[in-house]
Structure formats: structure tokens, C-alpha cells
Amino acid sequence: MDVEVRVIDNSKGKGLFAKKSFKSGSIIFEEDPLVSCQFSWNAAYQYSACDHCLKPLETAQENARRLSGKAELELPFLECCTTDKSKFTICSLCGVEYCSVECQTMAYNQYHRTLCLQTMQRNNSHPLEQLNEAWKSVHYPPETNTVMLIIRLLARIIQSPNRDVAIEQTLQFCHRTVNEDAELAHKLLGEKFASQQALLHNLLLQCIPHDGIEQFLTPVGFQGLLALIGTNGQGVGTSAISQWVTRTSDLAITDEERAVLDKFIDKLYEDMDSHSGNFLNNEGVALFTLQSACNHSCVPNAEPTYLHNNNRLSLVAMRDIQEGEEICISYLDECSVQRSRHSRRKQLMENYLFACNCRKCEEQACDPDVTSEEDDDEMSD
Ligand SMILES: [Zn+2]
Ligand SMILES: [Zn+2]
Ligand SMILES: [Zn+2]
Numbered sequence: 010m011d012v013e014v015r016v017i018d019n020s021k022g023k024g025l026f027a028k029k030s031f032k033s034g035s036i037i038f039e040e041d042p043l044v045s046c047q048f049s050w051n052a053a054y055q056y057s058a059c060d061h062c063l064k065p066l067e068t069a070q071e072n073a074r075r076l077s078g079k080a081e082l083e084l085p086f087l088e089c090c091t092t093d094k095s096k097f098t099i100c101s102l103c104g105v106e107y108c109s110v111e112c113q114t115m116a117y118n119q120y121h122r123t124l125c126l127q128t129m130q131r132n133n134s135h136p137l138e139q140l141n142e143a144w145k146s147v148h149y150p151p152e153t154n155t156v157m158l159i160i161r162l163l164a165r166i167i168q169s170p171n172r173d174v175a176i177e178q179t180l181q182f183c184h185r186t187v188n189e190d191a192e193l194a195h196k197l198l199g200e201k202f203a204s205q206q207a208l209l210h211n212l213l214l215q216c217i218p219h220d221g222i223e224q225f226l227t228p229v230g231f232q233g234l235l236a237l238i239g240t241n242g243q244g245v246g247t248s249a250i251s252q253w254v255t256r257t258s259d260l261a262i263t264d265e266e267r268a269v270l271d272k273f274i275d276k277l278y279e280d281m282d283s284h285s286g287n288f289l290n291n292e293g294v295a296l297f298t299l300q301s302a303c304n305h306s307c308v309p310n311a312e313p314t315y316l317h318n319n320n321r322l323s324l325v326a327m328r329d330i331q332e333g334e335e336i337c338i339s340y341l342d343e344c345s346v347q348r349s350r351h352s353r354r355k356q357l358m359e360n361y362l363f364a365c366n367c368r369k370c371e372e373q374a375c376d377p378d379v380t381s382e383e384d385d386d387e388m389s390d
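Using the numbering used here, you'd call the opening residue of the sequence shown number 10 and step up by one each time.
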């Protein structure tokens, strides 16, 4: 392992540090999640992904046709599509789809045995479907989380051959619900969601056996899980069409053919943008043990990417990193991290319960030009 988790002496708790130097663009480590789940609305809107690893279940052409709304669209260079439908499989009991028998087996052994609805037709009255609907009724896109990740996390504990280890693995994720200094509760526990919390909790109790996981099923235990997914959940995105685009760049074609292809791709993205807006990827959320030890910085030196087009995370260096340096990622999306210091810190406090004191925040605190807080429109969700 080229990185190590170390305890930092201030309120930051743990951090991840480089045990060797890394060149900009190189992979620092790769990691499979403890558990992951597609977002609820993303799944409802026919973004078709493996129920276990989020690999796209559409071909690049099907993906391009759906996202552009052009049913007749013909994609050139189909050999650049990586979707292999011959490997797909489906749970014969509940109908969920997987990219491979390997994913189906892993899902079944880790959590799906507990959650499989035992019926070909998922119907709306099943508690799991009700739970999902209750979540969707308040948490509209753009999505950052789903209560279904909590269900998988609990089912994973229930099915674990060593429950104590599984519980310990779960509790090692930060799961505090409030920032005491700021007297602020986590956003998912805030006023906006207060009335829904009891409903979600109630439905969750009907979805899953209680034996051995009682500590997570009390109202306080459930709040801890909401804070856990809120503060540790890492977004995952996969896409058949972007994989195809990446592959086409390696084609041995003439300059003339390349120019035609580039034009085609530009037009395709224009069409997809006007039909589907920003929602191009299969999207979900995952819990990663190592990645969750990475602290936030508004000037990060690493970023999570999904080079395998599934939920396997590759942490990539954004610049040269020296041995011994702390590895930091941005918890904010590309857009939010460009906003004012005040706006960034507000979003980080609400969603991650800490006051950012990264280099950029410290520098801007003393700089009169950028301490202006007038560009703060209310943060959306
Ligand atoms: Zn899969
Ligand atoms: Zn099933
Ligand atoms: Zn900062």
C-alpha cells in the first residue's frame, strides 16, 4: 500500500498520507466499495445499470439514443462500445439486473438474499418500494444520496459471517449527527426533512429483520446512519456513451475521418444536453473505507474517478504529490468548489459538519478582495 491512514492531532481526526511520491495523473490507489447503490430517481428514470456494480446495461448506441431522444441515431465505430450483453443476468426471484454472474453472486452473498423481494413483480405496496418512494418524494435530483444505501448496509451486516466485524466496519465511518461547536445538525436531519424522518424510520423497520442490528434501528441509531451516508457517501458515475467516446480517441483513422467523428460527437453532446440536460450518467452513491479517510480541501491534490466504468474507485493525483504529504479530495462538486469562501464553508458545514480551514480558506480569510459574501445565493440541495 502506497498510502497510510494517520491520526492528525487536531480536530480533523484521521487523514490519508502518501508513503511515496506520485506524479500528476497517476493512480494513488484503487478500491471497491463496502457497499454501493444507484440513486433512486436515477434508477426510476431508466438509467440502466448493474444493480451491484453500476456498470451500464445499455449499449453506447442505446444510451445515445435515449439521452438524445433520437430513436434512429446510428453510432459509428460500434466496436468501441464496451457493453457485453451476453454476460448479463437477472435475479429470477425479483427481476433485478446484473452485468454478470459474478456481480449477481456477490450481491446475493453480501446483501441481496435479505432484500430480494421474492416476487417477479415488485409492487408498490412492498415496504422496500414504499421506503424508496418516501425518499424520492423529498429528495429530488440532483441526487446526492439514497436511503436504499442504508438498507444495503444493514443487510450486509445481517448476512456477514462475522457480524461483529461488519458492525465495526460500519462504525468506523464517521457517523456523528451534529457539530457541537456550531450547534448544527446534519442536513439530512434538518428541519426540511424532520417530518419525513419518522416515516422513513418506520418503513425501514418493516423492510429488514431486526436480529443483531438492534443498535442501528433505534431512532438515534437511524439518525446516525443518515449522518453516516450523508458525510461518507461518495458519488459514483458510469456511462456507456462516455466510455465509447474515450475508446474512439484510440482509433487509427485518418485526420479527415477524425474531423468528421469529432463533429459527430459535438453534435451528439449538444443533442443529449438539450434532451437530458446535465443528467447523462448512471449515478449512485458508495461507501469506501480508504477513500473515506481522505480529508477535504478546496484545493485538492487528488480526485476520485471511475476508470473501470463501474463502482471501483481510482484515486488519481491532480498534481505531483510528495512523500509524506496529506492526500485531500474535494467533497464539493466542481461548481460549488469555485464559489466564495463563505458559500463553500456553509455547504461543507451543512453536509459534512466541519468548518473548512484548508489552505485556500485560510488565505481567503485574510484577503479583503475575496471575503465578500454578497455572491451567496441560498444553496440548493
Ligand atoms: Zn456488475
Ligand atoms: Zn432478487
Ligand atoms: Zn476550504
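Yeah, the Cβ is synthetic: ideal placement off N, Cα and C, and Gly gets one too. On a predicted model such as this, the values are computed, not experimentally measured, just so you know.
Can you tell me which of the three DSSP states residue i falls into?
i    : result
I17  : coil
A191 : coil
Y340 : coil
C370 : helix
L209 : helix
N154 : coil
I262 : coil
T227 : coil
M129 : Bear in mind that the predicted position of M129 carries a pLDDT of just 47, short of 50, making it too unreliable to give a figure here.
D11  : coil
K28  : coil
Q113 : helix
P65  : strand
K403 : One cannot answer for residue 403 here, as it falls past the ends of the chain, which runs 10 to 390.
K145 : helix
T255 : helix
Please return the same chain residues whose Cβ sits closer than 7 Å to the Cβ of residue i, not counting the five positions on each side in sequence.
i    : result
F86  : T257, L260
C108 : C59, C62, K64, L66, K96, F97
Q139 : L212
V14  : K23, L25, A302
Can you tell me whether residue i is buried or exposed, with buried defined as 16 or more other CB within 10 angstroms of its CB?
i    : result
G293 : buried
K29  : exposed
R75  : buried
L180 : exposed
K272 : exposed
A268 : exposed
M129 : Its pLDDT being 47, under 50, M129 is placed unreliably by the model, and the measurement read from it follows with that caveat. With fewer than 16 other Cβ atoms within 10 Å, it is exposed.
N118 : exposed
T155 : buried
Looking at ligand 5, does it come within less than 7 Å of residue i, judged from the CB to the closest heavy atom?
i    : result
C367 : Absence of ligand 5 is noted for the structure shown, with ligand 1, ligand 2 and ligand 3 being the only ligands found.
Kindly examine ligand 2 and report whether one of its heavy atoms sits closer than 7 Å to the Cβ of residue i.
i    : result
L208 : no
H121 : yes
V269 : no
Near residue i, which residues of its chain fall below 6 Å by C-beta distance, leaving aside the five closest residues on each side in sequence?
i    : result
Q224 : G230
G22  : none
Q70  : L84
L82  : A73, R74
Keeping to the same chain, check which residues put their C-beta closer than 8 Å to that of residue i; ignore five residues upstream and five downstream.
i    : result
F31  : D11, I37, A326, D329, I330
I274 : V254, T257
D384 : Because the pLDDT of D384 is 49, which lies under 50, any placement of that residue in the model is unreliable, and the number read from its coordinates should be weighed accordingly. These residues qualify, in order along the chain: R348, S349, S352.
R354 : A364, C365, C370
Who pairs with residue i in a beta bridge, going by DSSP?
i    : result
Y54  : DSSP lists no partner for Y54.
V105 : The partner list for V105 (beta bridge, DSSP) is empty, contrary to what the question assumes.
S323 : E39, T314
L296 : V44
H305 : I338
Q168 : In DSSP, Q168 forms no bridge with anything.
N291 : T247
Just to confirm, does residue i get its C-beta within under 7 Å of one of the non-hydrogen atoms of ligand 3?
i    : result
S349 : no
R328 : no
With hydrogens ignored, establish whether the beta-carbon of residue i is closer than 7 Å to any heavy atom of ligand 1.
i    : result
Y117 : no
S109 : yes
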